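Numbering (our numbering), first residue to last: 17 to 232.
Rendered as structure tokens:
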């Protein structure tokens, strides 16, 4: 039984919702100068090293990884990922025009921001998309070598956040690590190969049994 597919308009709607969640998560992070992992973390660090915005840097960092997605994964995944990255790049830069956060507790920003980004990524994975960049590599490794995307992401995020100790205060890095752990544990628990496929197979078998019973 193959993994169920979605229509194009269903993908667009889901990716837009995912983009809103991820953008809100990044906005919560930015409200306390926190850092996240993956390509988003690289973009946030780049904001402090250059005059470019998060949206521009996030879009540019992802460009080289589209080749891996196009050649090693699928064309549909590449297109959907490009759509996701574009939505987040635009929404994150314009989010301050839609919502203004005056005060939010750092622990809340780290934990809830991580959860929002994590849920957004789960929606993207479900609709054959990702945040691009290292997320593309994580999904490729999961499909090819059965390495869980969440576990790989946690390793990469640890490296990125450890390196950020050279630029940011220890307390900021600590809260960022907490947010990254929340994000990746959420993905590791909920995104497992064959989880949705097993559900479909079980449902089909049940329907087959019912049909046999009716025939009898």
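Every residue, glycine too, gets a C-beta built ideally from N, C-alpha and C.
Since the structure is predicted, the reported quantities are computational estimates derived from the model, not experimental observations.
What did DSSP end up calling residue i once you bin it into helix, strand or coil?
i	result
residue 120	coil
residue 33	helix
residue 174	helix
residue 194	helix
residue 163	coil
residue 183	coil
residue 295	In the structure displayed, the chain extends from 17 to 232; residue 295 sits before or after that span and is not available.
residue 21	coil
residue 48	coil
residue 127	helix
residue 39	helix
Rounded to whole angstroms, what is the Cα-Cα separation between residue i and residue j?
i	j	result
residue 85	residue 141	13 Å
residue 220	residue 21	Note that residue 220 scores a pLDDT of 45, beneath 50, so its modelled location is shaky; the value from the coordinates is reported in the next line. Going by the C-alpha atoms only, they are around 16 Å apart.
residue 58	residue 176	8 Å
residue 80	residue 152	11 Å
residue 63	residue 28	28 Å
residue 52	residue 87	28 Å
residue 34	residue 99	11 Å
residue 101	residue 120	26 Å
residue 115	residue 74	20 Å
residue 65	residue 180	12 Å
residue 178	residue 170	12 Å
residue 183	residue 23	44 Å
residue 132	residue 47	15 Å
residue 172	residue 55	10 Å
residue 200	residue 185	23 Å
Hey, could you find the ends of the alpha helix (DSSP H) residue i is sitting in?
i	result
residue 52	No alpha helix (DSSP H) contains residue 52, which DSSP labels as neither H nor E.
residue 95	91-114
residue 73	70-78
I think residue i touches residue j, with their Cβ atoms under 8 Å apart; what is that distance to the nearest whole Å?
i	j	result
residue 147	residue 96	Actually they are not in contact, since the Cβ atoms of residue 147 and residue 96 sit about 11 Å apart, beyond 8 Å.
residue 25	residue 89	Actually they are not in contact, since the Cβ atoms of residue 25 and residue 89 sit about 22 Å apart, beyond 8 Å.
residue 122	residue 191	5 Å
| Is the number of C-beta pairs between the segment 187-201 and the segment 112-127 that are closer than 8 Å three or more? | yes
message: Check whether the segment 39-49 and the segment 154-162 touch, using three or more Cβ-Cβ pairs below 8 Å as the test.
response: no
Using 8 Å as the threshold, is the segment 105-121 in touch with the segment 67-83, meaning 3 or more CB pairs across them?
yes
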